[in-house]
Amino acid sequence: MTDGGNLLFMVKGKFAQEDEEIAKKWEICSLNTEGAVTGTCLVTGEKAEISRIHTTIKGVAGAQSSGAALVSFNAPAFESYGKEQSYNAPVGNYAMFAYTTALNYLLSNKDYVKMLGDTTVVFWAEDASVECQNLFLAASEPAKDNQELVGGVFQNLQKGWAVDVEAVEKNVNLEQKFYILGLSPNAARLAVRFFYADQFGEILRHLKEHYDRMEIVRPAKDELKYLGVWRMLQETANKKSRDKKPQEDVAGRTFEAILSGGRYPESLYSAVMRRIRAEQDDSDAHIYKITRGRAAIMKAYLIRNTNIFNGKEETMVSLDETCNDIPYVSGREFAVLEEIQERANPGINSTIKDRYFNSACATPSIIFPTLLRLKNSHTRKMWKKEADEYEAVLRDLQGRLPAQGYPKRLNSQEQGQFIIGYYHQTQKRYEKKEDQ
Numbered sequence: 126m127t128d129g130g131n132l133l134f135m136v137k138g139k140f141a142q143e144d145e146e147i148a149k150k151w152e153i154c155s156l157n158t159e160g161a162v163t164g165t166c167l168v169t170g171e172k173a174e175i176s177r178i179h180t181t182i183k184g185v186a187g188a189q190s191s192g193a194a195l196v197s198f199n200a201p202a203f204e205s206y207g208k209e210q211s212y213n214a215p216v217g218n219y220a221m222f223a224y225t226t227a228l229n230y231l232l233s234n235k236d237y238v239k240m241l242g243d244t245t246v247v248f249w250a251e252d253a254s255v256e257c258q259n260l261f262l263a264a265s266e267p268a269k270d271n272q273e274l275v276g277g278v279f280q281n282l283q284k285g286w287a288v289d290v291e292a293v294e295k296n297v298n299l300e301q302k303f304y305i306l307g308l309s310p311n312a313a314r315l316a317v318r319f320f321y322a323d324q325f326g327e328i329l330r331h332l333k334e335h336y337d338r339m340e341i342v343r344p345a346k347d348e349l350k351y352l353g354v355w356r357m358l359q360e361t362a363n364k365k366s367r368d369k370k371p372q373e374d375v376a377g378r379t380f381e382a383i384l385s386g387g388r389y390p391e392s393l394y395s396a397v398m399r400r401i402r403a404e405q406d407d408s409d410a411h412i413y414k415i416t417r418g419r420a421a422i423m424k425a426y427l428i429r430n431t432n433i434f435n436g437k438e439e440t441m442v443s444l445d446e447t448c449n450d451i452p453y454v455s456g457r458e459f460a461v462l463e464e465i466q467e468r469a470n471p472g473i474n475s476t477i478k479d480r481y482f483n484s485a486c487a488t489p490s491i492i493f494p495t496l497l498r499l500k501n502s503h504t505r506k507m508w509k510k511e512a513d514e515y516e517a518v519l520r521d522l523q524g525r526l527p528a529q530g531y532p533k534r535l536n537s538q539e540q541g542q543f544i545i546g547y548y549h550q551t552q553k554r555y556e557k558k559e560d561q
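So the number in the working numbering is just where the residue sits in the sequence shown, counting from 1, plus 125.
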């Protein structure tokens, strides 16, 4: 009857543990530390009996179903000063019971949990405010049907107004302490990917700043103004792989950077660049695409981590015809040359981007002379008026380049500018088609 459960006794309609005399006896018994190891608890800072073994944590994706330990030592290599098991990280019995019970409860309630790659993210407000919890979930991963809600929250936040949540009677307390914990499985243990705590208003502000940096012109069919963190990280994943998950180290570090307003990890930028190069070299030309998400990630990274835009961050949402940065202009020119080829050869299966994009992005001086020679053969197939219009656009772009011509090599940041220039020019071209 009691297997896997607890047996409770009642006397005259009252639970035994509620009786004052029994409670006092139990407290005296629990404080009897005879034979126990005592020390200063790392959590409470008080002298207490140190827990020898910590209760396992259940509900972390990828960990053992029976539970995994957050604090555990099982080999001499991990021990210090001869302290074995959990005595090596002294936590009192009360603190151990408190954190394991609370964390297991949060992990069992899916309203407090979201997945980010292999990382299980748990979040909660200090006063258990459901409004903060729901708003954080909506703001960090806006769905198609709550884009306006999130936008309204960010607008109020920018103006310093109270933040209202739809269908919630009371305003959200922006000064409320909010916590976000990222856990990843590691055999029979758990690894803490990140632990971030701040006022809820500051977390929302950092999310808004991130979305502002990510803002970029998007195709007409793309209705998502705010690209959530999970959708953003999907841009680093191989769409042909079985699990289609972002790299383990990228997801947690990126999310932590967004929440804290810190610099994006270099691994995020590198992962996007690798996907662009890899898909460019793929034999299936139709899967290659510099997506809105990838261009937005590069733009956000360059704005936050570098000063490469020289104060023009606000103008880089869409095509900036006043920008004379060589990598950006070169990317625009490549997009124009690709458009010329497609206009001259309607229905063509593969274009210059399928063969030359990676090389043009890295070593413009080597590739662009070849592309310009190919352009001459393409313009001969076009009506003279149309060809003259394209020639005028190319002359304007080439006039922005230095006297020595195209650079021999572009570094990683400059390649990002090249890709953004290409993306902006391409979206401008699609915009014209839609207008027609």
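The beta-carbon is built from N, C-alpha and C at its ideal position, and this holds for glycine as well.
- Here T379 carries a helix assignment [DSSP, helix/strand/coil].
- Contact between Y321 and L384 holds: their C-beta atoms lie close to 5 Å from each other, under 8 Å.
- Counting every other CB atom within 10 Å of its CB across the protein chains shown gives D368 a total below 16, marking it as exposed.
- Only residues of its own chain outside the window of five on either side were considered, and among them F198 have a CB closer than 8 Å to the CB of E209, listed in chain order.
- At the C-beta level, V354 and E300 stay beyond 8 Å of one another.
- In the three-state scheme derived from DSSP, where H, G and I count as helix and E and B as strand, D236 is classed as helix.
- In the DSSP assignment, P310 falls within the beta strand (DSSP E) that extends over K302 to N311.
- Across the structure, A420 and E204 are spaced so that their CA atoms are roughly 47 Å apart.
- For K172, the enclosing beta strand (DSSP E) begins and ends at K172 to E174.
- Secondary structure note for G418: its alpha helix (DSSP H) is the uninterrupted segment R417 to N430.
- In this structure V317 is exposed. Its beta-carbon is surrounded by fewer than 16 other beta-carbon atoms within 10 angstroms.
- It is roughly 27 Å from the alpha-carbon of A345 to the alpha-carbon of R399.
- For A376 and T361, the gap between their C-alpha atoms comes out near 10 Å.
- The beta carbons of A220 and P310 sit no closer together than 8 Å.
- In the structure shown, I182 adopts extended strand secondary structure according to DSSP, grouped into three states.
- Taken atom to atom, the span from the alpha-carbon of S392 to that of L195 is near 27 Å.
- Separation of G530 and G524 (C-alpha to C-alpha, rounded to the nearest whole angstrom) is 10 Å.
- With at least 16 other beta carbons inside 10 angstroms of its own, D450 counts as buried.
- Leaving aside the five residues that flank D347 on each side, the residues in its chain whose CB is nearer than 7 Å to its CB run, in chain order, R417.
- Within its own chain, the residues whose Cβ lies closer than 7 Å to the Cβ of H331, once the five positions on either side in sequence are excluded, are I383, L384, S385 and G386, listed in chain order.
- Put simply, of A161, S233, Y389 and K139 the residue whose alpha carbon is nearest the alpha carbon of K183 is S233.
- Under the criterion of beta carbons closer than 8 Å, C166 and G207 do not qualify as touching, at roughly 20 Å.
- Secondary structure note for V518: its alpha helix (DSSP H) is the uninterrupted segment K509 to Q523.
- DSSP places A316 inside the beta strand (DSSP E), whose first and last residues are R314 to Q324.
- The three-state secondary structure of F134, taken from DSSP, is coil.
- By DSSP's assignment, G164 forms a beta bridge with A173.
- In this structure the region 425-443 does not touch the region 469-480; the number of beta carbon pairs closer than 8 Å is below three.
- Pairing D479 with N536, the inter-Cα distance amounts to about 21 Å.
- The continuous alpha helix (DSSP H) containing A460 extends over residues I451 to A469.
- In summary, P371 is buried, with 16 or more beta-carbon neighbours lying within 10 Å of its beta-carbon over all protein chains present.
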